[in-house]
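Below is one structure; the comments refer to it alone.
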Amino acid sequence: MSALAALIRRDIRIALRAGGGALIGVLFFLTVTVLMPFAVGPDLALLSRLGPAILWLGALLASLLTLDRLFTADHEDGSLDLIVMSRTPLELACAAKALAHWIAAGLPLIVATPVLGLLLNLDGTATLAVAATLLAGTPALTFTGMIGAALAVTLHRGGLLLAVLVLPLSIPVLIFGVAASQAAISGPLPFGTPFSILCALSLACLVIGPFAAAASLRHGLD
Amino acid sequence: MKLTETLTDLANPTRFLALTARILPWLVGVTAILLAIGLYQSAMAPDDYQQGATVKIMFIHVPNAWLSMFVWGVMSVAALGTLVWRHPLADVAAKAAAPIGAAFTFLALVTGSLWGRPMWGTYWEWDARLTSVLILFLMYLGLMALWRAVEDPSRAARAAAVLTLVGAINIPIIKFSVDWWNTLHQPASVLRMGGSTLDKAFLWPLLVMAIAFSLLFITLHLAAMRNEILRRRVRSLQMMQASRVTFTSETSAGPKEIGAA
Numbered sequence: 004m005s006a007l008a009a010l011i012r013r014d015i016r017i018a019l020r021a022g023g024g025a026l027i028g029v030l031f032f033l034t035v036t037v038l039m040p041f042a043v044g045p046d047l048a049l050l051s052r053l054g055p056a057i058l059w060l061g062a063l064l065a066s067l068l069t070l071d072r073l074f075t076a077d078h079e080d081g082s083l084d085l086i087v088m089s090r091t092p093l094e095l096a097c098a099a100k101a102l103a104h105w106i107a108a109g110l111p112l113i114v115a116t117p118v119l120g121l122l123l124n125l126d127g128t129a130t131l132a133v134a135a136t137l138l139a140g141t142p143a144l145t146f147t148g149m150i151g152a153a154l155a156v157t158l159h160r161g162g163l164l165l166a167v168l169v170l171p172l173s174i175p176v177l178i179f180g181v182a183a184s185q186a187a188i189s190g191p192l193p194f195g196t197p198f199s200i201l202c203a204l205s206l207a208c209l210v211i212g213p214f215a216a217a218a219s220l221r222h223g224l225d
Numbered sequence: 024m025k026l027t028e029t030l031t032d033l034a035n036p037t038r039f040l041a042l043t044a045r046i047l048p049w050l051v052g053v054t055a056i057l058l059a060i061g062l063y064q065s066a067m068a069p070d071d072y073q074q075g076a077t078v079k080i081m082f083i084h085v086p087n088a089w090l091s092m093f094v095w096g097v098m099s100v101a102a103l104g105t106l107v108w109r110h111p112l113a114d115v116a117a118k119a120a121a122p123i124g125a126a127f128t129f130l131a132l133v134t135g136s137l138w139g140r141p142m143w144g145t146y147w148e149w150d151a152r153l154t155s156v157l158i159l160f161l162m163y164l165g166l167m168a169l170w171r172a173v174e175d176p177s178r179a180a181r182a183a184a185v186l187t188l189v190g191a192i193n194i195p196i197i198k199f200s201v202d203w204w205n206t207l208h209q210p211a212s213v214l215r216m217g218g219s220t221l222d223k224a225f226l227w228p229l230l231v232m233a234i235a236f237s238l239l240f241i242t243l244h245l246a247a248m249r250n251e252i253l254r255r256r257v258r259s260l261q262m263m264q265a266s267r268v269t270f271t272s273e274t275s276a277g278p279k280e281i282g283a284a
């Protein structure tokens, strides 16, 4: 247990320090959100209608961007081999790494959401709804993305291949995340229905992600 | 016991090649005959009282849609074979199945939207069944990209196996999407509780076509597996030759994967 806690502490510390690159995700999130009004035009009514979708897309792309670093740095300096060979089950170690990555790269996105919501003319309830769905949904993005990151590191290929593999898996999360936000703002559906499906997706990813990532690391590293 | 013995026997690629060389001509013949019968019956089937002649698209669309999911099932079994039993033919089977499955999925999408234009008034609708099949198509393409991105086949096989098993979650979602959500796509009418709701005049051609397309898949899959094995042999022979040219003294240290194909 202490080994896992140490791993989480170490990963967060590395991610937040210089060269860690976790906070670049937030900057990217901000940039994507600022780009959108230029693309669709600064119509405030339209922006407030598209707002949840824009924020979700931005968060999805930002979390994808930082995923590349989940295993690569550890693979380069050899600590990934130590983690694979250590006595801690690899599945738990993968889960700990993903959790640390989510705390360092995912939570800042949610903290930034209210500020970006102002830019998109979202009112209080809408911002709160988007932040709540992101809080429930981004773990799913991180944990499914971890599968792609593990595959990419064992194949020595990152970048586009990672995006092509991970994005189809994250479509359900996107669907129910945006559906829940829209339900809270305008929709005929109650907020709870899509939101509980989103939570269920996150929980399922929490289980599947570590096992798949550990399997691909165990079979792929040599 | 018998099945495991057969599977162990087939682990030898040469034996697999010999067996398929004997089976394939028969399979091709039966597939061609059944396809001809199925197409004839589909052409002769009466027009639907609501859909008119467009109902005949169904005889192509439904088998393709079934197979698009079935092929992912085959690949999932092959993925288990790769990861659990390290069966040498499993990764060949998985690799050969991916493009075929992608083709079936593509045909299901195209025939579906051709049918949807006169019936629903739109080529495409973002409903749950259509979207989940489109995701399946994207995952097939991603898997093919993964196979192509890595030179070492056994390394690519293990990565693809993990991804195939994760992607298998999508299959029940596709199957039950019409029951779970209120979709434009109609719910299942052939395989359902309480028997088929299809009239016999439509059911028989559909069943013949389904069997014919399944046989078509098996034929194409076996042929593609043969090609893949032969391609790997050619590759390892070429690598052996190359290493012989560069290190004339080290000819004995050829590549390890001859026959491991």
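Protein sequence lines correspond, in order, to chains A and B. According to my numbering, the stretch in the first sequence is residues 4 to 225, in order. According to my numbering, the stretch in the second sequence is residues 24 to 284, in order. We put the CB at the ideal spot given by N, CA and C, even for glycine.
A straight-line Cα-Cα distance of about 36 angstroms links Gly195 (chain A) and Val133 (chain B). At a Cβ-Cβ threshold of 8 angstroms, Gly120 (chain A) and Val133 (chain A) count as neighbours.
For Arg258 (chain B), not one C-beta of chain A is nearer than 8 angstroms to its own C-beta. One alpha carbon belongs to Asp70 (chain B), the other to Val78 (chain B), and they sit about 7 angstroms apart. Straight through space, the alpha carbons of Leu230 (chain B) and Ser237 (chain B) are spaced by roughly 11 angstroms.
With the rule of 3 Cβ pairs closer than 8 angstroms, the stretch 95 to 105 of chain B counts as touching the stretch 176 to 196 of chain B. What Ala218 (chain A) touches in chain B, judged by beta-carbon distance under 7 angstroms, is Leu106 and Val185, going in chain order.
If the five residues before and after Leu243 (chain B) are omitted, its C-beta is found closer than 6 angstroms to the C-beta atoms of Ile123, all from its own chain and listed in chain order.
Beta-bridge pairing by DSSP links Asp71 (chain B) to B:Gly75. Residue burial annotation: Tyr63 (chain B) is exposed, with fewer than 16 other C-beta atoms found within 10 angstroms of its C-beta. Proximity to Thr54 (chain B) across B:Gln264, B:Ser266, B:Arg267 and B:Ile234 peaks at B:Ile234, based on C-alpha coordinates.
In this model, Ser177 (chain B) and Ala117 (chain B) are separated by some 12 angstroms (Cα to Cα). In terms of CA proximity to Lys198 (chain B), B:Phe93 leads the group B:Thr31, B:His84, B:Phe93 and B:Ala59. Under the Cβ criterion of 8 angstroms, Met92 (chain B) is not counted among the residues facing chain A.
Taking the Cα of Leu60 (chain A) as reference, the smallest distance to any Cα among A:Ala25, A:Phe31 and A:Leu164 is reached at A:Phe31. Between Ala18 (chain A) and the set A:Ile106, A:Ala153, A:Leu224 and A:Val181, the nearest pair of CA atoms involves A:Ile106.
What Gly165 (chain B) touches in chain A, judged by beta-carbon distance under 7 angstroms, is Val167, Leu168 and Pro171, going in chain order. Annotation for Ala113 (chain B): Ala101, Gly104 and Thr105 place their beta carbon closer than 6 angstroms to its own, counting only its chain and skipping 5 residues before and after. About 28 angstroms separates the CB atoms of Leu93 (chain A) and Ala62 (chain A); that is not less than 8 angstroms, and the two are not in contact. At a beta-carbon threshold of 7 angstroms, the residues of chain B lying near His222 (chain A) are Leu106 and Arg181, ordered along the chain.
For Ala134 (chain A), none of the residues of chain B pass the 7 angstroms Cβ criterion, the least Cβ distance being about 26 angstroms. Under the 10 Å beta carbon count, Lys100 (chain A) is surrounded by 16 or more other beta carbons and is classified as buried.
By the CB criterion at 8 angstroms, Pro213 (chain A) and Ala98 (chain A) fall inside the cutoff. Counting the other CB atoms within 10 Å of its CB gives Asp222 (chain B) a total below 16, which places it among the exposed residues. Only those residues of the stretch 140 to 174 of chain B whose C-beta falls short of 7 angstroms from the nearest C-beta of chain A are listed: Ile158, Leu161, Met162, Gly165, Ala168, Leu169, Ala172 and Val173. At a cut-off of 8 angstroms between beta carbons, Val100 (chain B) makes no contact with chain A. As the crow flies, the alpha-carbon of Val87 (chain A) is around 24 angstroms from that of Arg20 (chain A). Within the stretch 46 to 130 of chain B, no beta strand (DSSP E) run of at least 3 residues lies entirely inside it. Look at Val115 (chain B): its C-beta is not under 8 angstroms from any C-beta on chain A. Under the three-state reduction of DSSP, Asn193 (chain B) is assigned to helix.
For the pair Val37 (chain A) and Leu137 (chain A), the CB atoms are not nearer than the 8 angstroms cut-off. A contact between stretches requires three or more CB pairs, one per stretch, nearer than 8 angstroms, and the stretch 160 to 174 of chain A meets this requirement with the stretch 167 to 182 of chain B. Closest option to Met149 (chain A), judged by alpha-carbon separation, among A:Ala42, A:Val35, A:Leu7 and A:Asp71: A:Asp71. Secondary structure at Val268 (chain B): helix, using DSSP grouped into helix, strand and coil. Below the 8 angstroms Cβ cutoff, chain B contributes Ala172 and Val173 as neighbours of Arg160 (chain A), in chain order. Here Leu10 (chain A) has Ala99 as same chain residues with Cβ atoms under 6 angstroms from its own Cβ, once five neighbours each way along the sequence are excluded.
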